[in-house]
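Residue numbers (the working numbering), protein chains in the order written: chain A, 2 to 306; chain B, 2 to 306; chain C, 35 to 292; chain D, 35 to 292.
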Amino acid sequence: MDSINTKLESRLGSMVMSNPIVPASGTFGNGKKFQSFYDINVLGAVLSKSVTLESRTGNPQPRIFETPFGIMNSVGLENKGIDWFKKEILPFLTTLKTKKWVSISGFTTQEFVDLAESLNGFPIDAIEVNVSCPNIHAGGVQFCQNQNTLKETLHKVRKCSNSFLIAKIALETNPLDEAIRIISDEGFDAVCLGNTVRGLAIDVVNKKPFFKKTIAGLSGPAIKPIALRAVWEAYSFNPNLPIIGCGGIMTSSDVLEFIMAGASICEIGTANLIDPFAMPNIINSLSAYCSQNAISLRELVGIAH
Amino acid sequence: MDSINTKLESRLGSMVMSNPIVPASGTFGNGKKFQSFYDINVLGAVLSKSVTLESRTGNPQPRIFETPFGIMNSVGLENKGIDWFKKEILPFLTTLKTKKWVSISGFTTQEFVDLAESLNGFPIDAIEVNVSCPNIHAGGVQFCQNQNTLKETLHKVRKCSNSFLIAKIALETNPLDEAIRIISDEGFDAVCLGNTVRGLAIDVVNKKPFFKKTIAGLSGPAIKPIALRAVWEAYSFNPNLPIIGCGGIMTSSDVLEFIMAGASICEIGTANLIDPFAMPNIINSLSAYCSQNAISLRELVGIAH
Amino acid sequence: MIEKTNSTILSNEKLASSIYLLKLKLKEQVSEILPGQFIQLACTGNEVTLLKRPFSIMNAYNDTIDILYKVVGKGTLNLSQMKASRELELLIPCGNYFSTPTSSGVNLLIGGGVGIAPLFFLTKKFPDCHFDLWYGTSRKNERGPIDNWTGSNVKFHFHSDWNTVSNVEEFQGTILDAYKENSTLTPSKIYTCGPTIMMNKITENWKNKIPIEVSLEARMACGFGVCLGCSFKTTSGQKTVCSDGPVFNGETVVWESL
Amino acid sequence: MIEKTNSTILSNEKLASSIYLLKLKLKEQVSEILPGQFIQLACTGNEVTLLKRPFSIMNAYNDTIDILYKVVGKGTLNLSQMKASRELELLIPCGNYFSTPTSSGVNLLIGGGVGIAPLFFLTKKFPDCHFDLWYGTSRKNERGPIDNWTGSNVKFHFHSDWNTVSNVEEFQGTILDAYKENSTLTPSKIYTCGPTIMMNKITENWKNKIPIEVSLEARMACGFGVCLGCSFKTTSGQKTVCSDGPVFNGETVVWESL
Ligand SMILES: Cc1cc2nc3c(=O)[nH]c(=O)nc-3n(C[C@H](O)[C@H](O)[C@H](O)COP(=O)(O)OP(=O)(O)OC[C@H]3O[C@@H](n4cnc5c(N)ncnc54)[C@H](O)[C@@H]3O)c2cc1C
Ligand SMILES: Cc1cc2nc3c(=O)[nH]c(=O)nc-3n(C[C@H](O)[C@H](O)[C@H](O)COP(=O)(O)OP(=O)(O)OC[C@H]3O[C@@H](n4cnc5c(N)ncnc54)[C@H](O)[C@@H]3O)c2cc1C
Ligand SMILES: Cc1cc2nc3c(=O)[nH]c(=O)nc-3n(C[C@H](O)[C@H](O)[C@H](O)COP(=O)(O)O)c2cc1C
Ligand SMILES: Cc1cc2nc3c(=O)[nH]c(=O)nc-3n(C[C@H](O)[C@H](O)[C@H](O)COP(=O)(O)O)c2cc1C
Ligand code: FES
Ligand code: FES
Numbered sequence: 002m003d004s005i006n007t008k009l010e011s012r013l014g015s016m017v018m019s020n021p022i023v024p025a026s027g028t029f030g031n032g033k034k035f036q037s038f039y040d041i042n043v044l045g046a047v048l049s050k051s052v053t054l055e056s057r058t059g060n061p062q063p064r065i066f067e068t069p070f071g072i073m074n075s076v077g078l079e080n081k082g083i084d085w086f087k088k089e090i091l092p093f094l095t096t097l098k099t100k101k102w103v104s105i106s107g108f109t110t111q112e113f114v115d116l117a118e119s120l121n122g123f124p125i126d127a128i129e130v131n132v133s134c135p136n137i138h139a140g141g142v143q144f145c146q147n148q149n150t151l152k153e154t155l156h157k158v159r160k161c162s163n164s165f166l167i168a169k170i171a172l173e174t175n176p177l178d179e180a181i182r183i184i185s186d187e188g189f190d191a192v193c194l195g196n197t198v199r200g201l202a203i204d205v206v207n208k209k210p211f212f213k214k215t216i217a218g219l220s221g222p223a224i225k226p227i228a229l230r231a232v233w234e235a236y237s238f239n240p241n242l243p244i245i246g247c248g249g250i251m252t253s254s255d256v257l258e259f260i261m262a263g264a265s266i267c268e269i270g271t272a273n274l275i276d277p278f279a280m281p282n283i284i285n286s287l288s289a290y291c292s293q294n295a296i297s298l299r300e301l302v303g304i305a306h
Numbered sequence: 002m003d004s005i006n007t008k009l010e011s012r013l014g015s016m017v018m019s020n021p022i023v024p025a026s027g028t029f030g031n032g033k034k035f036q037s038f039y040d041i042n043v044l045g046a047v048l049s050k051s052v053t054l055e056s057r058t059g060n061p062q063p064r065i066f067e068t069p070f071g072i073m074n075s076v077g078l079e080n081k082g083i084d085w086f087k088k089e090i091l092p093f094l095t096t097l098k099t100k101k102w103v104s105i106s107g108f109t110t111q112e113f114v115d116l117a118e119s120l121n122g123f124p125i126d127a128i129e130v131n132v133s134c135p136n137i138h139a140g141g142v143q144f145c146q147n148q149n150t151l152k153e154t155l156h157k158v159r160k161c162s163n164s165f166l167i168a169k170i171a172l173e174t175n176p177l178d179e180a181i182r183i184i185s186d187e188g189f190d191a192v193c194l195g196n197t198v199r200g201l202a203i204d205v206v207n208k209k210p211f212f213k214k215t216i217a218g219l220s221g222p223a224i225k226p227i228a229l230r231a232v233w234e235a236y237s238f239n240p241n242l243p244i245i246g247c248g249g250i251m252t253s254s255d256v257l258e259f260i261m262a263g264a265s266i267c268e269i270g271t272a273n274l275i276d277p278f279a280m281p282n283i284i285n286s287l288s289a290y291c292s293q294n295a296i297s298l299r300e301l302v303g304i305a306h
Numbered sequence: 035m036i037e038k039t040n041s042t043i044l045s046n047e048k049l050a051s052s053i054y055l056l057k058l059k060l061k062e063q064v065s066e067i068l069p070g071q072f073i074q075l076a077c078t079g080n081e082v083t084l085l086k087r088p089f090s091i092m093n094a095y096n097d098t099i100d101i102l103y104k105v106v107g108k109g110t111l112n113l114s115q116m117k118a119s120r121e122l123e124l125l126i127p128c129g130n131y132f133s134t135p136t137s138s139g140v141n142l143l144i145g146g147g148v149g150i151a152p153l154f155f156l157t158k159k160f161p162d163c164h165f166d167l168w169y170g171t172s173r174k175n176e177r178g179p180i181d182n183w184t185g186s187n188v189k190f191h192f193h194s195d196w197n198t199v200s201n202v203e204e205f206q207g208t209i210l211d212a213y214k215e216n217s218t219l220t221p222s223k224i225y226t227c228g229p230t231i232m233m234n235k236i237t238e239n240w241k242n243k244i245p246i247e248v249s250l251e252a253r254m255a256c257g258f259g260v261c262l263g264c265s266f267k268t269t270s271g272q273k274t275v276c277s278d279g280p281v282f283n284g285e286t287v288v289w290e291s292l
Numbered sequence: 035m036i037e038k039t040n041s042t043i044l045s046n047e048k049l050a051s052s053i054y055l056l057k058l059k060l061k062e063q064v065s066e067i068l069p070g071q072f073i074q075l076a077c078t079g080n081e082v083t084l085l086k087r088p089f090s091i092m093n094a095y096n097d098t099i100d101i102l103y104k105v106v107g108k109g110t111l112n113l114s115q116m117k118a119s120r121e122l123e124l125l126i127p128c129g130n131y132f133s134t135p136t137s138s139g140v141n142l143l144i145g146g147g148v149g150i151a152p153l154f155f156l157t158k159k160f161p162d163c164h165f166d167l168w169y170g171t172s173r174k175n176e177r178g179p180i181d182n183w184t185g186s187n188v189k190f191h192f193h194s195d196w197n198t199v200s201n202v203e204e205f206q207g208t209i210l211d212a213y214k215e216n217s218t219l220t221p222s223k224i225y226t227c228g229p230t231i232m233m234n235k236i237t238e239n240w241k242n243k244i245p246i247e248v249s250l251e252a253r254m255a256c257g258f259g260v261c262l263g264c265s266f267k268t269t270s271g272q273k274t275v276c277s278d279g280p281v282f283n284g285e286t287v288v289w290e291s292l
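Spelled out as structure tokens, the structure:
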């Protein structure tokens with residue numbers, strides 16, 4: 002980071018951030034490892050790995066598979082649970098100067114409520130509610146794919162939490178306009194589009210699915226056009242609901258595509274795994290772009306519509 | 002093609018084919034151009050570009066954009082209409098020794114019915130009903146994304162047609178189990194999974210969507226994991242409904258993945274545009290695989306379940 | 035008939051900033067190659083490309099072909115980094131070709147940028163015809179090579195707006211303006227290749243007066259007429275640039291559709 | 035501390051069929067490198083790869099590191115086609131390392147295939163310790179190079195099932211069987227690296243008797259502990275191969291979870 006460029010200043014609704022670059026949950030650990038590569042305060046916000054109520058060991062090996070310009074993961078929300086998170090991670094996050102976002106994941110509506118509620122009073126700037134994970138009370142269908150459970154969950158979480166709330170939904174959410182309406186009606190502050198896309202790989206030698214859990218999450222450049230489509234549509238449906246774009250972002254040019262399509266903020270996932278310096282590099286080159294073109298990023302949000 | 006390998010013989014329900022390789026509609030023209038590269042009778046079937054009732058000029062330029070390991074197209078179903086097709090293309094198709102499939106596309110249920118009906122009595126082996134295109138009576142939502150219109154359309158097409166009928170649906174179809182049930186209940190003979198995935202690209206220099214129609218269809222290797230997932234799920238829902246896999250298939254190993262996931266037949270799209278010899282090359286290498294492993298492809302259908 | 039074949043890079047010379055001359059030796063004998071035709075070239079390198087890229091043939095002799103290309107994106111960047119002896123897959127020859135130039139009058143050729151390539155080939159293929167070749171580019175240093183290579187059947191005119199032109203459209207007009215200001219020729223036939231807007235203006239200028247052949251460009255996928263990715267409107271219906279073209283009678287082109 | 039840096043290929047020698055020795059010159063000074071540590075190497079070439087690939091460090095001296103690799107897929111195929119002077123990006127050094135070998139007794143090293151690499155480095159780093167090195171592979175021609183390079187502090191044993199072994203599991207057992215049949219040694223410490231099933235069997239054999247350090251493998255994405263792609267079960271909870279490991283006390287590993 003050369004120096005702070007005010008042209009990068011970004012707004013997610015009421016939240017003012019130094020720039021639009023935020024790590025995607027699960028690709029940044031809890032920030033500590035990246036701190037040894039660079040000062041993570043250069044990021045617009047930090048965002049921790051999704052935390053669940055109980056500790057989870059996650060899915061069996063193998064968990065990673067490379068596809069044409071994408072990767073699939075079957076990590077299965079491994080994490081040590083909210084109590085450990087509060088004890089071991091929150092104190093570290095609190096030392097940071099940048100915004101602190103926390104991702105929560107539940108398998109029932111009640112789990113989301115308990116998680117959100119238990120974070121009240123902690124010095125965090127936003128909670129990203131990962132409603133792209135399967136609802137075990139609804140036969141494993143993702144929360145965001147069922148309008149009733151999505152509505153109920155967001156409603157209850159909003160009621161119990163005093164945080165800035167982001168709903169992270171699947172890129173495949175269908176119908177998307179309904180989901181966007183629910184998120185906005187329930188008083189959520191922003192939507193994140195989105196999570197990994199459901200994919201599969203077959204190990205043709207063993208004639209079995211590569212992943213023990215069969216279906217895994219596809220991320221990386223392969224899904225970028227899909228994520229851009231979802232961001233574009235969400236902005237068309239409701240330009241007043243702030244959007245976080247996520248999916249396959251590797252370069253500053255990708256970020257510009259998302260911003261022009263309607264995203265205020267961008268999350269970077271797989272790129273962090275390919276190159277730990279992906280985010281500061283993107284910030285630097287966005288900075289150069291804004292200076293060269295004498296334009297600030299905020300003017301560009303949704304400009305392609 | 003070195004010689005005919007009976008181990009490649011494939012069945013799509015009642016249809017017996019010399020091998021499982023079929024071109025995806027729209028990437029093969031009407032077959033004539035490929036005939037000058039190789040004898041297209043080596044294919045399991047030929048499949049023509051989707052034909053509509055009326056002649057269509059399609060979408061404006063540009064129509065093609067390359068993405069990371071994928072391509073997006075906005076051709077917009079350009080074709081000269083069913084009358085021209087019957088006069089200019091069917092006679093050529095009739096001279097072929099392999100199976101002849103015809104793809105039809107409509108923008109209302111009635112158009113599908115008229116198309117299917119008008120093909121009765123012609124010597125074709127199957128009609129692929131492209132219900133992944135937008136229904137103008139339902140605000141442009143794809144037929145396959147609305148259970149009622151899908152059901153109505155398939156029902157009426159089935160009633161008026163005496164052909165072997167394939168429903169080609171979108172990979173994003175949701176809920177997929179419902180669509181599979183409808184396809185099977187309505188007496189369709191097979192499902193093709195699937196069409197291109199809806200994507201977007203932004204031209205950051207002009208700050209506009211790259212395509213005039215904004216959203217375009219993503220195909221190629223990038224979508225392979227998604228297509229495999231859809232085939233896997235369709236087979237889980239109903240192993241008795243024959244499946245055609247389509248999406249990102251480039252190599253014989255990709256074909257094996259689809260077959261093991263549950264597809265009986267594979268359609269090759271984008272690969273034809275990258276290399277006109279993609280299909281015969283795949284057939285040759287499937288043939289080598291079967292001989293080396295002393296296995297016939299039919300034994301492998303759905304074996305990974 | 036289009037063939038898929040392999041080729042070996044003989045040389046890949048930088049002529050001017052971002053302009054290169056690529057010489058390819060074909061691995062197999064192919065049908066006769068005519069001016070206006072193009073190749074579909076696999077350009078994968080550090081940057082990943084999936085589709086082949088179309089390039090006009092600038093010259094063809096024995097089993098060698100020349101390509102003049104400009105670095106504009108991933109595929110051409112890859113090409114610019116390639117060294118002799120590397121193998122490249124291609125489809126050749128693609129598309130239709132220019133009609134035979136007149137041998138009685140003078141053939142006017144107007145090329146914009148790398149659009150000079152197929153026009154240059156025309157002058158080589160028909161050494162007994164006479165050509166008035168106008169070459170417009172935004173960079174002075176692109177003159178040398180082309181001028182030096184043209185034969186005695188060619189009168190070469192160079193026009194550049196180097197240092198003055200900031201946007202392409204302005205430049206695209208200027209080659210025609212330059213011609214109009216400086217020439218008293220009445221050509222028998224006109225051939226042009228370059229930016230779409232330039233060819234459009236040229237067509238308007240001589241419409242209904244002199245036959246004009248234009249060599250069009252479009253984003254392509256297949257390059258052999260099956261995907262309709264390059265389809266556009268003409269006065270006689272939709273046509274594909276790759277297979278019905280790239281050469282069209284300028285008057286039949288519906289320019290807004292490109 | 036892990037650094038991201040660039041390197042230049044000094045040489046890339048084929049040692050045996052599909053086995054290569056890659057020598058890389060690092061562009062920047064990095065922290066001290068210890069045996070057991072690995073690099074995350076960008077392997078993009080003709081085949082497109084996105085993630086970096088993990089390789090054990092086989093030797094490190096001055097600013098040079100050696101990697102012994104086997105061609106198994108896209109990334110390693112790319113590597114095998116690379117020539118001297120090419121630049122490769124990497125993360126270095128990743129992971130933990132073996133504990134210091136005993137200098138009183140004998141250290142038993144058992145390596146399967148390219149798993150020999152970190153063990154070899156251990157013998158080089160501690161020239162004053164004594165090692166009994168058992169190297170198992172399915173190919174006879176892999177003996178030569180390793181044998182020739184080992185120092186006088188190493189007793190080298192080679193075992194191959196060349197021509198007889200058709201499946202890997204059988205082979206993986208045989209290096210341990212070979213050791214049991216042929217050795218009367220009572221090692222003070224055991225280090226092993228190779229196929230998971232081999233390390234599992236070795237651990238079972240000496241469990242509760244002699245300390246065993248195993249260097250594990252898993253499919254990785256990041257290589258520095260943030261994605262949990264390589265996480266597995268140990269007796270003290272989930273651990274990452276890349277960051278908590280790759281070296282673990284064999285007795286703490288829950289082998290089924292790998
Ligand atoms: C029939 C035909 C003949 C051609 N002959 C030549 C030639 O002789 N020399 C030469 O340098 N170029 C020629 N072109 C243009 C050339 O094909 C493109 O410059 C090339 O495909 C760009 O590839 P890329 O991967 O570098 O760019 P990409 O990374 O794909 O795109 C970068 C930019 O290049 C432009 N572009 C991409 N594809 C095309 C296309 N098909 N047509 C026009 N512009 C495009 C766009 O502005 C795009 O934004 C020809 C095109 C056609 C259709
Ligand atoms: C800590 C560690 C150290 C390693 N050290 C070495 C070494 O010194 N020399 C060496 O040759 N290899 C080593 N490996 C294995 C090496 O990382 C893989 O062989 C390599 O990643 C394969 O890449 P690819 O692109 O060629 O294969 P891909 O195309 O990605 O996959 C092809 C096949 O390779 C295997 N494979 C892929 N990734 C891994 C992986 N991470 N671990 C194990 N197997 C894999 C699978 O069987 C897969 O089917 C090490 C792995 C780890 C985790
Ligand atoms: C290894 C890995 C782990 C992930 N874990 C989580 C998670 O815990 N919670 C979550 O909401 N998303 C998770 N994701 C999804 C990412 O946050 C992101 O939405 C997705 O990868 C798409 O962005 P990308 O293409 O930039 O990676 C994970 C992704 C990967 C690759
Ligand atoms: C240029 C192009 C044109 C297409 N036209 C049609 C069409 O007319 N009808 C149809 O059902 N699908 C059409 N498709 C979709 C393909 O048939 C196929 O379903 C899709 O491309 C996914 O397969 P692929 O990844 O192998 O290309 C078209 C695809 C492309 C790339
Ligand atoms: S590029 Fe496919 S039809 Fe012209
Ligand atoms: S590879 Fe990412 S945590 Fe180990």
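We put the beta carbon where it would ideally sit given N, CA and C, even for glycine.
Worksheet item: Within 7 Å: the Cβ of alanine 25 of chain B and any heavy atom of ligand 5?
Response: Incorrect: alanine 25 of chain B has no Cβ contact closer than 7 Å to ligand 5.
Worksheet item: Would cysteine 67 of chain A count as contacting chain B if we go by Cβ distances under 8 Å?
Response: Sequence inspection shows glutamate at residue 67 of chain A; the cysteine mentioned does not correspond to that position. Glutamate 67 of chain A does not count as touching chain B.
Discussion item. Quick check on DSSP: helix, strand or coil for glutamate 10 of chain B?
Written reply: Here glutamate 10 of chain B sits in coil by DSSP.
Practice prompt. Since I believe threonine 237 of chain C is in contact with glutamate 285 of chain C (beta carbons under 8 Å), could you give me their beta-carbon distance rounded to a whole number of angstroms?
Written response: Sure, about 6 Å apart at Cβ, within 8 Å.
Item to complete: Kindly list the residues whose CB is nearer than 6 Å to the CB of lysine 81 of chain B, restricted to its own chain and excluding five residues on each side of it in sequence; keep chain order.
Response: If you ignore the 5 residues before and after lysine 81 of chain B, its C-beta comes within less than 6 Å of the C-beta of Ser56, all in its own chain and listed in chain order.
Discussion item. Can you list, in chain order, the residues of its chain with a C-beta nearer than 8 Å to that of lysine 64 of chain C? Leave out the 5 residues immediately preceding and following it.
Written reply: This sequence places valine at residue 64 of chain C; lysine is not what is there. Closer than 8 Å at Cβ, skipping near neighbours: Glu37, Thr39, Ile126 and Pro127.
Item to complete: Thinking glutamate 234 of chain A and isoleucine 203 of chain B are a contact (beta carbons under 8 Å), I'd like their distance in whole angstroms, please.
Response: Incorrect: roughly 13 Å between the Cβ atoms, too far for contact.
Discussion item. Excluding the 5 residues flanking leucine 13 of chain A on each side, which residues of the same chain have their C-beta closer than 6 Å to its C-beta?
Written reply: Result list for leucine 13 of chain A: Ala191, Pro243, Ser265 and Ile266, in chain order.
Item to complete: Would you check if the region 43-56 of chain A and the region 70-86 of chain A touch, i.e. whether three or more CB-CB distances between them fall below 8 Å?
Response: Taking 8 Å as the limit for Cβ pairs, the verdict is that the region 43-56 of chain A does touch the region 70-86 of chain A.
Item to complete: Give a yes or no on whether the minimum CB-CB distance between valine 76 of chain A and chain D is below 8 Å.
Response: Judged by the 8 Å Cβ criterion, valine 76 of chain A is in contact with chain D.
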